[in-house]
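Counting along the sequence shown from 1, when you hit position 86 you're at 90 in our numbering, and nothing is skipped either side.
C-beta atoms are modelled at their ideal positions from N, C-alpha and C, and glycine is treated no differently.
Accompanying notes for the structure given below.
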Amino acid sequence: MTPQRLEILREVSHRTDHPDAELLFKAVRKRLPTVSLDTVYRTLWLFTEHGLLQTLGPRQTAIRFDPNLRAHHHYVCVNCERVWDVEESLVSPSDVSAAVSSLGTVVATHVEIRGLCSKCLTNTSLHPPRRG
Ligand SMILES: [Zn+2]
Ligand SMILES: [Zn+2]
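What follows is the structure in structure tokens.
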């Protein structure tokens with residue numbers, strides 16, 4: 005583990021905002037001015053391959069990285085694109101297994117709930133939400 009990788013891991017691990025590589029790059033660069041976006045990308049994928057991170061997706065925009073490895077769902081604001089974790093118990097594999105029994109078994113579920121977050125809801129008159 006190089007100091008650069010350690011710093012990238014430290015940054016992504018304490019964030020709950022599901023950042024993409026570019027956001028992480030900007031944050032890490034403050035402490036490691038020599039780090040490149042390419043290094044951040046490669047390190048994040050390395051961590052993902054080793055099971056330290058998971059990615060959210062599929063999304064139209066950049067891949068985002070998540071230090072929360074427990075099974076959980078996401079609430080995505082269609083306006084500001086912030087992402088919050090939602091407890092897995094909301095939609096558990098047993099809930100959906102009957103619905104997909106003709107297709108096969110269920111190993112995991114990932115629900116992406118899309119909506120307007122409370123902050124954007126208050127600002128809707130100023131910034132109408134994008135379709136998404
Ligand atoms: Zn929002
Ligand atoms: Zn998450």
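- Remark: the C-beta of Asp-24 is outside contact range of ligand 2, defined as less than 6 Å to any heavy atom.
- Assigned with DSSP and collapsed to three states, Thr-59 falls in strand.
- Taking the Cα positions, Leu-36 is about 32 Å away from Ala-75.
- Excluding its 5 nearest sequence neighbours in each direction, Val-95 has C-beta neighbours in its own chain below 7 Å: His-77, Thr-113 and Val-115, listed in chain order.
- Where Cys-124 is concerned, the enclosing alpha helix (DSSP H) starts and stops at 122-127.
- Rounded to the nearest angstrom, the gap between the Cα atoms of Arg-46 and Gly-108 is 34 Å.
- In this structure, Asn-83 has its CB closer than 6 Å to one or more heavy atoms of ligand 1.
- For Ile-117, no alpha helix (DSSP H) segment is defined; the enclosing uninterrupted segment is the beta strand (DSSP E) at 116-119.
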